[in-house]
Amino acid sequence: MNNHLPMNAPEFDDASVQSAIDASWAKPFNLPEPQVDLDAYFARIGYDGPREASLEVLRDLHALHPAHIPFEAINVLCRKGVSLKPDDVDRKIIFEGRGGYCFEQNGLFRRVLQSLGFEVESLAGRVLWGHNPDDGPRPRCHMAMRVTLDGEAWLVDVGLGGCVPTAPLLLGVSVPQVTPHDTFRVRERNGRYLTELERDGVWKPVHEVDIVPVEDIDYEVMNFYASTHPESGFADVLMVARSAPHARFTLLNNRLTIRLRTGEEEEHHLSVGDVEQTLSDIFGISVDPSWRRYLEDVIARAEAVRKQG
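Our numbering applies: residue 2 is where the sequence shown begins, and numbers increase by one.
Written out as structure tokens, the structure is:
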């Protein structure tokens, strides 16, 4: 008798134990990817085309998503936190008409693509756009994807703010790639994909994405930093962007930049009331009254810096 068993413990023979072990190994370890309401998502972005895993569909969705769903991290600014649970993301972006930042946007887009039958790998990297190399390394705090289709790999990213590619970028080549808004190129460097954008004849770094895939738990860690750390790039900055068919709209604190596809650019400095109106009219975001005090603070700081020179 096994003296280590508790009283009244059931007894098992070797055959039943081995059978239980075999059955446990037969069970799948990975839970199925959460589904998304494709009808509601397609209505959100204005898509009514085929539902298949083709390059044409990928390109159409990659253009429509950033045109209709704004990049924004207002919840971080307002200290409300960011949930990456699929139901929370879908409620916020699809059904409440809000936007989100990279983890929310690309997480949703990944589920859409997988629901359509695309082969998708999750990647992570560092955003380099708008940052000086002398400032030191950027945190590894960005989500992107690699989609393999008909033997070719594409870099997919709909959550990159004002410089988001509005088309998937072919990997394995370093030649310039023209998208609806800008020309990009992707080069492999030190085990990473370095994405660059051409502006005024100069190639500027956009982001550096690791080639090796990551797990969703890695995004949870990155999201915790991005949404709660006091030195997160979103903690004290209002950053909103949308890439419409004819222009890119970028709101940084109270500075609204409109860049037409033809290259012409105009800039406006807005009051708090104008910022709220812009959030509604240009970005399609219904303004919550509780945001007002955070908007006032961030705009006051931005105006003080601007007046100082």
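Here a beta-carbon is modelled for each residue, glycine too, at the ideal position from N, C-alpha and C.
Given the structure is predicted, the values throughout are model-derived calculations rather than measurements.
Through-space distance from residue j to residue i, alpha-carbon basis
{"i": "Trp204", "j": "Phe72", "result": "23 Å"}
{"i": "Pro177", "j": "Leu129", "result": "19 Å"}
{"i": "Val273", "j": "His230", "result": "25 Å"}
{"i": "Leu161", "j": "Cys103", "result": "6 Å"}
{"i": "Gly131", "j": "Val37", "result": "33 Å"}
{"i": "Leu56", "j": "Gly100", "result": "25 Å"}
{"i": "Tyr42", "j": "Pro51", "result": "14 Å"}
{"i": "Asn224", "j": "Val83", "result": "8 Å"}
{"i": "Leu171", "j": "Arg260", "result": "25 Å"}
{"i": "Asp298", "j": "Glu268", "result": "21 Å"}
{"i": "Asp89", "j": "Val77", "result": "15 Å"}
{"i": "Gln309", "j": "Ile300", "result": "14 Å"}
{"i": "Tyr226", "j": "Val174", "result": "33 Å"}
{"i": "Glu304", "j": "Glu266", "result": "21 Å"}
{"i": "Glu153", "j": "Pro206", "result": "24 Å"}
{"i": "Asp219", "j": "Leu124", "result": "10 Å"}
{"i": "Lys93", "j": "Ile46", "result": "14 Å"}
{"i": "Gly137", "j": "Glu232", "result": "14 Å"}
{"i": "Pro134", "j": "Arg190", "result": "16 Å"}
{"i": "Trp155", "j": "Tyr48", "result": "21 Å"}
{"i": "Trp26", "j": "Gln115", "result": "Residue placement at Trp26 is flagged as unreliable, the pLDDT there being 42, under the threshold of 50; a coordinate-derived value is accordingly withheld."}
{"i": "Ile283", "j": "Val159", "result": "18 Å"}
{"i": "Asp91", "j": "Pro214", "result": "24 Å"}
8 Å contact criterion, which residue i and residue j should meet: CB distance rounded
{"i": "Leu280", "j": "Leu271", "result": "Actually they are not in contact, since the Cβ atoms of Leu280 and Leu271 sit about 10 Å apart, beyond 8 Å."}
{"i": "Ile70", "j": "Gln106", "result": "7 Å"}
{"i": "Glu122", "j": "Met144", "result": "That belief does not hold up - the Cβ atoms of Glu122 and Met144 are roughly 12 Å apart, past 8 Å."}
{"i": "Val238", "j": "Asn255", "result": "Contact doesn't hold; Cβ gap of about 11 Å is too wide."}
{"i": "Gly98", "j": "Gly285", "result": "6 Å"}
Coarse secondary structure for residue i, derived from DSSP in three states
{"i": "Ile22", "result": "Confidence is the limiting factor: at Ile22 the pLDDT is only 35, short of 50, which leaves the residue's position unreliable and the question unanswerable from this model."}
{"i": "Thr258", "result": "strand"}
{"i": "Pro138", "result": "coil"}
{"i": "Ser84", "result": "coil"}
{"i": "Asp211", "result": "strand"}
{"i": "Leu170", "result": "strand"}
{"i": "His269", "result": "strand"}
{"i": "Val203", "result": "strand"}
{"i": "Arg99", "result": "coil"}
{"i": "Trp155", "result": "strand"}
{"i": "His143", "result": "strand"}
{"i": "Arg52", "result": "coil"}
{"i": "Leu62", "result": "helix"}
{"i": "Leu32", "result": "Annotation note: pLDDT 43 at Leu32 (below 50); position unreliable, no value reported."}
{"i": "Gln178", "result": "strand"}
{"i": "Glu297", "result": "helix"}
{"i": "Leu117", "result": "coil"}
Beta-carbon gap between residue i and residue j smaller than 8 Å
{"i": "Ile212", "j": "Arg188", "result": "no"}
{"i": "Val157", "j": "Val165", "result": "no"}
{"i": "His63", "j": "Ala168", "result": "yes"}
{"i": "Arg127", "j": "Arg111", "result": "no"}
{"i": "Phe119", "j": "Leu150", "result": "yes"}
{"i": "Arg249", "j": "Gly163", "result": "yes"}
{"i": "Glu209", "j": "Leu195", "result": "yes"}
{"i": "Gly295", "j": "Cys79", "result": "With the sequence shown as reference, residue 295 is identified as Tyr, and Gly is not the correct amino acid for it. For Tyr295 and Cys79, yes; Cβs fall inside 8 Å."}
{"i": "Leu117", "j": "Ala54", "result": "yes"}
{"i": "Leu59", "j": "Val113", "result": "no"}
Identity of the residue in the options nearest residue i by Cα
{"i": "Pro246", "options": "Gly82, Glu57, Arg262 and Pro51", "result": "Arg262"}
{"i": "Glu216", "options": "Gly162, Arg186, Gly108 and Trp155", "result": "Gly108"}
{"i": "His182", "options": "Val90, Phe43, Arg243 and Arg294", "result": "Arg243"}
{"i": "Val222", "options": "Arg80, Leu78 and Leu85", "result": "Leu85"}
{"i": "Glu277", "options": "Val159, Trp292, Gly98 and Asp40", "result": "Trp292"}
{"i": "Gly202", "options": "Gly264, Asn191, Glu153 and Glu232", "result": "Gly264"}
{"i": "Val288", "options": "Val241, Arg307 and Glu266", "result": "Val241"}
{"i": "Ala44", "options": "Ile95, Leu252, Asp91 and Thr251", "result": "Ile95"}
{"i": "Ser228", "options": "Asp49, Asp61 and Lys81", "result": "Lys81"}
{"i": "Thr180", "options": "Asp49, Arg307, Asp61 and Pro214", "result": "Asp61"}
C-beta neighbour in chain C for residue i, strict 8 Å
{"i": "Arg256", "result": "Considering every chain present, this structure includes no chain C. It has just one protein chain."}
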